[in-house]
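In the working numbering, the protein residues as written are 398 to 613.
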């Protein structure tokens, strides 16, 4: 309940530099604001995993010009394993801690859960936190199961032609839970195989509220 600040530092294999508009940088540094007001379950889950060190030393697993994505651990599990299920957190086929799809539509008093905006018959309505900026952060899931998200997330490489706010395939279908506020330019050269060498919650961790059975 509230906002948190998370900072990632990434490096390339063999200490190759990040090339941003012709300038080389030894490391990529991203500063993100996580919005627990708009996406309390999704944002809280992300902050909890950062604090646990889950993303530290994890590699980037997708970089296709549309999104940059990570969060799939080694092994058969598709997400984070290590917490019991609760009312708001389910269990996946390999023991993953799953969270429900969480969508907050403008004018509502709070988010709705476990369905998409289309499932609710509200397609075209605007979300409180839209995918409308380069570096918007979204929670990844199986395309056909809105409640299959666990620990994988993506940064959107926003293009107004491909993802116009309110008229794209993301708003209302995937939770948007934060934005990159410093270092978003690095996303253009973060590639598969780059490593998150540091992931820290620098502000706002005290706002996190965990279900009793999810504290493990």
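No residue lacks a Cβ here, since even glycine has one placed at the ideal position from N, Cα and C. Fair warning: this is a prediction, and the values are worked out from it, not measured in the lab.
Is the CB-CB distance between residue 586 and residue 416 below 7 Å? When the beta-carbon positions are compared, residue 586 and residue 416 come within less than 7 Å of each other.
Buried or exposed for residue 418, going by 16 or more other Cβ atoms inside 10 Å? exposed
What separation, rounded to the nearest whole angstrom, lies between the Cα atoms of residue 462 and residue 604? The alpha-carbon atoms of residue 462 and residue 604 are separated by roughly 34 Å.
So which of 420, 426, 432 has the shortest CA-CA distance to residue 398? 432
From the DSSP output, which residues share a beta bridge with residue 614? The displayed coordinates of the chain run from 398 to 613. Any statement about residue 614 would go beyond what the structure contains.
Where residue 598 falls: helix, strand or coil (DSSP): Reduced to three states, the DSSP call for residue 598 is strand.
Considering only the beta carbon of each residue, do residue 552 and residue 465 sit closer than 7 Å? yes
Outcome for residue 541 when other beta-carbon atoms lying within 10 angstroms are tallied against a minimum of 16: In the assembly as shown, residue 541 is an exposed residue. Its beta-carbon has fewer than 16 other beta-carbons within 10 Å.
Residue 544 and residue 511 closer than 7 Å at C-beta: yes
How long is the line joining the alpha carbons of residue 523 and residue 548, rounded to whole angstroms? 25 Å
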